[in-house]
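Positions 39 to 684 (the numbering used here) are the ones given, in order, by the sequence shown. Take a look at the structure below.
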Amino acid sequence: MYKIENHLVSDATRAYAHLDEAGYQAMYRQSLEQPEQFWAEQAKRFLTWEQPWSKVHESDLSQGQAAWFIDGKLNVSVNCIDRHLPSRGEQTAIIWEGDEPTDDARISYRELHEKVCRLANVLKARGVKKGDRVCLYMPMIPEAAYAMLACARIGAVHSVVFGGFSPDALRDRILDADCQVVITADEGVRGSKKVPLKQNVEKALKDCPNVHSVVTVQRTGADIPWHEHRDLWYHDAIAGVSADCAAEPMDSEDPLFILYTSGSTGKPKGVLHTTGGYLLGAAMTHHYVFDYHEGETYWCTADIGWITGHSYIVYGPLCNGATTLMFEGVPTYPDASRCWQVVDKHKVNIFYTAPTAIRALMAKGDEYVTSASRTSLRLLGSVGEPINPEAWEWYFHVVGDSRCPIVDTWWQTETGAIMITPLPGATNLKPGSATRPFFGVEPALVDPEGNELEGPASGNLIIKRSWPSQIRTVYGDHQRLIDTYFSAYKGVYFTGDGARRDEDGYYWITGRVDDVLNVSGHRIGTAEVESALVLHDAVAEAAVVGCPHDIKGQAIYAFVMPMHDIEPSDALVAELKAFVAEQVGAFARPEFIQWTPGLPKTRSGKIMRRILRKIACDELDTLGDTSTLADPSVVDELIAQRLNRA
Ligand code: PRX
């Protein structure tokens, strides 16, 4: 076992931080004991309201219902841009670092205002109104942030689809939200490779008759398909409209965005977030967790296609008037020192990334890190999956020169903002633990029957009360929200994660307890990969589980039963892997495909995933009871042929 050493808050960190331990304790207590007063104070402090709320909060979690700052009115783009103009109009809002190290840009709050207003006017001219859904399929370029904020300005609801998704996945998401406008780029560029975004849009739109407008940013100048009446170039369109656009006053509970995420059943869920509570959650956590101070440069390496990009590249930092860095490329291009070169180049103070990136860079060797000075760095963050203590220590000692605290932040697309996390000036750190709840968050552990566990314990992680940035509904299917999050345990939110709580009350997230995988920080439903596999003519049945992977955290292991007349082969394995990448996206490509004449099923026909998981993880000594299987002999065959042996 790796020995875990605690890291105490240093004097320097405590002296600089917004909060020390006493401050955290006092605020946390108030947030639970006097929630109305607490949240009213925070909402006034962090946000600018056009009309005050009549009631702070109302919720009925048994129905999945929550409302915050009821009747309050505000606009997110005003909070993220306009209100900063008098004091920091010339300050850089966004530093853009392109794929090539020679390619960068700085966008001031004043320029951001102009760009967002112009694009908002373009959307309006195309008939987009409050409540309409707009799909964004964008690379990591400033126009992606402009597009999100332009939607927010006019009250349109954006649905950002990660640029790594396939045309089919894009189509499904456009249709589910009935988006009528798509904003994209001709191509994306990552690690010198081109991503054919507009071509993918073209394929997706074959089945989306309601899309009447596609706005395309010219990133590479590639030849792309074009439809005169439907398509417009971003640069042409914004040149022809006013640089002012009045912001739509939004109700605190009006939708801000939809973001699709994977669950344990097939179809991705459109997680819907609203205006006031979401923005408060993003801004307040950005302030306290990253201990953001005026004038600092902050870099979150996520893609805007995921919730981390929404809350911690765009909304949280901009709401706080921060300078946020947006990186188009990958950490290993031109070489594995890129992140630290960028840190030095732009004097980055706060760096937030995922364990998978940390492990990948760790494997390349320390020289790539130590060749850069990194003296500007003050704080490091981790998100997306459990961080193993070895990677934590490397991040701390090598990247942070044993000087920068690490905030290991646990949260989800559904929670909108960070939920369990250290606060740098307050929390002594234990590598691998997300530590303690943020303000207003009341976590608990329960056993499978729903009994709450006291003291040090392991169980399923639930949240016992509503918080401002929580998911409001699954777009178009509120019952699915109730079934997924609010039914396993009555009246509380079920996270889908397991966790351990230690003797200091610190939480250690152990990972998903449902059929959701976390591959390189990407959340993938096993059912999505299975549905893709069975679409192939050669496949009769498929079952997908996760297995540990040194860099990715988890990898995809698929058990595939071929059609009776199909001869399994290595070529077919390669074809199936490529097929899944094409159906879902490259990040969902299975690591292992094992052929099998049958799957282990109970007598009632249910696939015994527990057994498949054990085989894929090569944990044969804890296989458990196989006697309830319809045909136990299939297990021996699966074991004999397993691919992932120690
Ligand atoms: O299993 C948890 C894991 O990521 C899941 C949420 O994924 P997603 O909605 O894509 O959001 C990722 C970014 C917020 C969680 O259910 N997870 C996230 N952060 C951590 C984590 N697991 C352990 N430690 C974390 N810090």
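Glycine is no exception: its CB is placed at the ideal position from the N, C-alpha and C atoms.
Separation of residue j from residue i, as counted between CA atoms
i	j	result
residue 634	residue 599	5 Å
residue 469	residue 531	27 Å
residue 305	residue 129	43 Å
residue 426	residue 160	47 Å
residue 53	residue 380	27 Å
residue 299	residue 198	11 Å
residue 500	residue 312	22 Å
residue 175	residue 562	19 Å
residue 65	residue 505	15 Å
residue 524	residue 339	32 Å
residue 264	residue 167	25 Å
residue 254	residue 141	20 Å
residue 284	residue 370	42 Å
residue 510	residue 99	10 Å
residue 488	residue 297	29 Å
residue 414	residue 331	14 Å
residue 320	residue 116	15 Å
residue 148	residue 286	19 Å
residue 491	residue 497	8 Å
residue 677	residue 473	38 Å
residue 434	residue 400	12 Å
residue 450	residue 534	10 Å
residue 118	residue 661	53 Å
residue 520	residue 316	20 Å
residue 669	residue 638	7 Å
Check whether residue i and residue j have beta carbons under 7 Å apart
i	j	result
residue 194	residue 172	yes
residue 190	residue 114	yes
residue 302	residue 577	no
residue 464	residue 59	yes
residue 290	residue 110	yes
residue 407	residue 368	no
residue 557	residue 592	yes
residue 475	residue 456	no
residue 236	residue 212	no
residue 137	residue 366	yes
residue 310	residue 85	no
residue 551	residue 529	no
residue 666	residue 559	no
residue 351	residue 342	yes
residue 259	residue 226	no
residue 494	residue 539	yes
residue 322	residue 75	no
residue 664	residue 673	yes
residue 180	residue 223	no
residue 622	residue 570	yes
residue 204	residue 620	yes
Nearest candidate by alpha-carbon position, reference residue i, set the options
i	options	result
residue 244	86, 210, 255, 535	210
residue 615	596, 602, 601	596
residue 361	377, 328, 371	328
residue 527	632, 213, 485	485
residue 276	179, 331, 157	157
residue 429	453, 622, 416, 402	402
residue 363	354, 348, 336	336
residue 480	68, 49, 107	68
residue 144	163, 542, 383	383
residue 655	594, 49, 400	594
residue 139	372, 472, 239, 288	372
residue 169	538, 439, 214, 196	196
residue 421	445, 585, 434	445
residue 97	88, 540, 107, 90	107
residue 126	75, 146, 662	146
residue 47	417, 250, 374	417
residue 387	423, 333, 358	333
residue 155	132, 134, 186, 541	186
residue 217	120, 295, 73, 431	295
Proximity test, Cβ basis, 7 Å: residue i and chain D
i	result
residue 543	Absent here is chain D; the protein component of the structure consists of one chain.
By C-beta, the residues closer than 7 Å to any heavy atom of the ligand PRX, given in chain order: Residues flagged by the Cβ proximity filter: 299, 344, 345, 346, 420, 421, 422, 423, 424, 425, 446, 447, 448, 449, 450, 451, 452, 472, 533, 534, 535, 547, 549, 550, 556, 559, 561.
Just list the alpha helix (DSSP H) runs in the region 261-340, keeping only unbroken ones of 4 residues or longer that don't cross its boundaries, in chain order. For the region 261-340, the continuous alpha helix (DSSP H) assignments of 4+ residues that do not extend past its boundaries occur at 272-277, 314-327, in sequence order.
In chain order, which continuous runs of the alpha helix (DSSP H) of length 4 or greater are located wholly inside the region 126-183? For the region 126-183, whole alpha helix (DSSP H) runs of length 4 or above, ordered along the chain, are 147-163.
Within the region 336-409, ranges of the beta strand (DSSP E) (whole runs, at least 3 residues): If only uninterrupted beta strand (DSSP E) runs of at least 3 residues are considered, those enclosed by the region 336-409 are 361-365, 388-391.
At what residue ranges does the region 547-599 contain a whole run of the beta strand (DSSP E), taking only runs of 3 or more? 554-557, 560-563, 577-587, all fully within the region 547-599.
Would you list, in sequence order, the uninterrupted alpha helix (DSSP H) runs of no fewer than 4 residues that lie entirely inside the region 405-483? Counting only runs of 4 or more, we get 405-408, 427-432.
In chain order, what are the residue ranges of uninterrupted beta strand (DSSP E) at least 3 long that sit wholly in the region 602-648? The region 602-648 contains these whole beta strand (DSSP E) runs: 630-633.
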